[in-house]
Amino acid sequence: MDVLQKIILVLHLLGMAAIVGGWLAARKGRTMSEVVVWGARAQIVTGLILVGLAEATKDEGSALNYTKIGIKLLVAVIVVAFAEIGRARAKRNESSSTALDAAGIGGVLNVLVAALW
Ligand code: HEM
């Protein structure tokens, strides 16, 4: 793994921390946190870059697990959708706690997919 790949992986892990940590920190206030929104956006960008770099640097004949990647992408799109919906609702002073919980739980789900699959 080259330096660029490591840097993007660190950003990917910080994005994950922003979603899960931001969710847990914001739960008491029951309002969507900007930290969660930016973490959710970052995961899609850094995740896709990681896939591109892994594809470019993999050994001849080996293959990436695109089923796993596809599921992670699907979950991440759902997470960012809930984060953006919650952000918009919070701006209008409407309840965003369900969207906040959904984004946080989705983030945890993607950690499980990443680590256990
Ligand atoms: C909520 C969104 C996401 C979370 C919480 C998350 C979480 C994680 C975590 C904890 C890891 C490190 C563990 C491991 O190496 O398996 C990881 C790695 C990785 N993730 Fe994600 N991820 C998310 C979204 C995505 C997306 C959307 C993609 C791509 C479409 C992606 C692609 C990858 C790849 C390729 C790695 C492996 C990096 C490597 O070891 O080379 N992730 N992810």
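Quick note on numbering: the sequence shown equals residues -2 to 114 in our numbering. Quick reminder that beta carbons are idealized off the backbone N, C-alpha and C, glycines included.
Proximity test, residue i beta-carbon vs ligand 1 heavy atom, cut-off 7 Å
i: A15; result: no
i: A22; result: no
i: I66; result: yes
i: K3; result: no
i: I82; result: no
i: I102; result: no
i: G18; result: no
Member of the options whose CA lies at the smallest distance from the CA of residue i
i: K88; options: A14, S30, A112; result: S30
i: L21; options: G58, L97, L113; result: L97
i: T95; options: E52, G83, G103, L106; result: G83
i: Y63; options: M13, V105, E52, A100; result: E52
i: I102; options: K55, L61, A37; result: A37
Residue range of the alpha helix (DSSP H) that includes residue i
i: E81; result: 63 to 88
i: D98; result: 94 to 113
i: K25; result: Looking at the DSSP string, K25 is not in any alpha helix (DSSP H), and its letter there is neither H nor E.
i: G36; result: 31 to 54
8 Å contact criterion, which residue i and residue j should meet: CB distance rounded
i: V33; j: G19; result: 4 Å
i: G44; j: H9; result: 6 Å
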